[in-house]
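Here the sequence shown stands for residues 1 to 138, numbered as in the UniProt record's numbering. Inspection log for the structure reproduced underneath, given as structure tokens.
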Amino acid sequence: LTTNLSFAFSYAIKLEPGDLIEFKRLGYQHWGIYVGKGQVVHFTFPELEEGLNNVLHGEFFKAKVQKECLRAIAGASSYAVNNQLDKKHPPLPLRHVVKRAEHLVGKNIDYNLVMANCEHFATMMRYGIAESQQVSLI
């Protein structure tokens, strides 16, 4: 899956709290919410073997919401601000977006590749609507 975004490294991107951050991975994109001071709230997965097995079978499993350094999440990947859905859905007040995301840090919530993935989580925080363009392209 590719997008029409131009991916760049952090020094070229202006980040605002409440922005959706799209991390380019091999074959997919990972998503999170920028909450300021170089930090992103996003899903993390349980043990790889267990999580991968559940993902491949389309099952729900618990994923942990964590706040981590943007650069640590990105690693060698590129990333970009992707608030493209702002054209379709008005974003919630940005301080509210950040507060909602930070409120879930440390909690385990349902994850499903098709119905409740990291993009669904990020869009739910920003818009109050869970939407995944990656899934709609499958």
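Don't be surprised by glycine CBs; every beta carbon is placed ideally from N, CA and C. Computed from a prediction, not measured in an experiment: that's the story for all the values here.
- Note: phenylalanine 43 is bridge-paired with Val65 in the DSSP secondary-structure output.
- In the structure shown, the three-state DSSP call for valine 105 is coil.
- Distance from the CA of tyrosine 111 to the CA of valine 65, rounded to the nearest whole angstrom, comes to 10 Å.
- The three-state reading of DSSP puts valine 98 in helix, counting H, G and I together.
- In the three-state scheme derived from DSSP, where H, G and I count as helix and E and B as strand, aspartate 86 is classed as helix.
- No Cβ-Cβ contact shorter than 9 Å links phenylalanine 43 with serine 78.
- Counting only the Cα atoms, glutamate 68 lies some 5 Å from glutamine 39.
- Taking C-beta atoms under 8 Å as the contact rule, proline 91 and tyrosine 127 qualify, at a distance of about 6 Å.
- If you look at isoleucine 73, you'll find it in the alpha helix (DSSP H) that goes 70-74.
- Shown here, glutamate 119 sits in a helix according to DSSP, grouped into three states.
- For valine 135, the secondary structure class from DSSP, reduced to helix, strand or coil, is helix.
- Taking every protein chain shown into account, the CB of asparagine 108 has fewer than 16 other CB atoms within 10 angstroms, so this residue is exposed.
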